[in-house]
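**Q** Quick one: structure below, then a few questions.
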Amino acid sequence: VLFRSLSELPTPIGNCATPATGHEPVITAANFDEAVGLSAGVPLVLVDFWAGWCIACRQLNPILRRIAREYCNSVRLITVDVDKETQLATRFQIDAVPVVLLYSYGRRLDAFMGARSAAEVRAFLHKHLSQDTAISRMY
-12 VLFRSLSELP TPIGNCATPA TGHEPVITAA NFDEAVGLSA GVPLVLVDFW
38 AGWCIACRQL NPILRRIARE YCNSVRLITV DVDKETQLAT RFQIDAVPVV
88 LLYSYGRRLD AFMGARSAAE VRAFLHKHLS QDTAISRMY
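Counted from 1, the sequence shown has number 108 at position 121 by my numbering; the numbering is strictly sequential.
Structure representation (structure tokens):
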């Protein structure tokens, strides 16, 4: 199923207008590019590639959710279950999880692999939020 606009996607974690429900949008190979490209005014999209059997993924996901809520005006979180979305795992050469990719308006900016503390994830985001803010002030 392709979505014509971001408003058709299920409510993402990090949407300030709606309390986080714990349910990220269902991201598939068919809607991935649109999901990371349409950020509804939110400059950064975190894509969490995870698997249910992965202990580090289960540690990282609550941290990402909490940070997405904290930065809801700047960051959107989407998740990809690599066991269900093998086509995306292959496309991005995901051979270990967790892997987090960072996008800004459809352009891949950065990534990290493995579990991170909340402080490390915040530092990762701050580096890019500062760059995005500087760019947006130019226009």
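Using N, Cα and C, we set each Cβ at its ideal position, and we do this for glycine too.
1. What are the start and end residues of the beta strand (DSSP E) that includes F99?
2. Taking a contact to mean a Cβ-Cβ separation below 8 angstroms, would you say A22 touches I65 in this structure?
3. DSSP state of H113, grouped into three classes?
4. For V32, which option in D82, V69, L51 has the closest C-alpha, if you only look at C-alpha atoms?
5. What's the C-alpha gap between V13 and T77?
6. Kindly confirm or deny that the region 68 to 77 and the region 52 to 59 touch, where touching means at least three C-beta pairs closer than 8 angstroms.
7. If contacts are defined as beta-carbon pairs under 8 angstroms, then V67 and V29 qualify, I think. What distance do you get, rounded to the angstrom?
**A** Short version:
1. 94 to 100
2. yes
3. helix
4. L51
5. 18 angstroms
6. no
7. With a Cβ gap of about 18 angstroms, V67 and V29 do not count as contacting.
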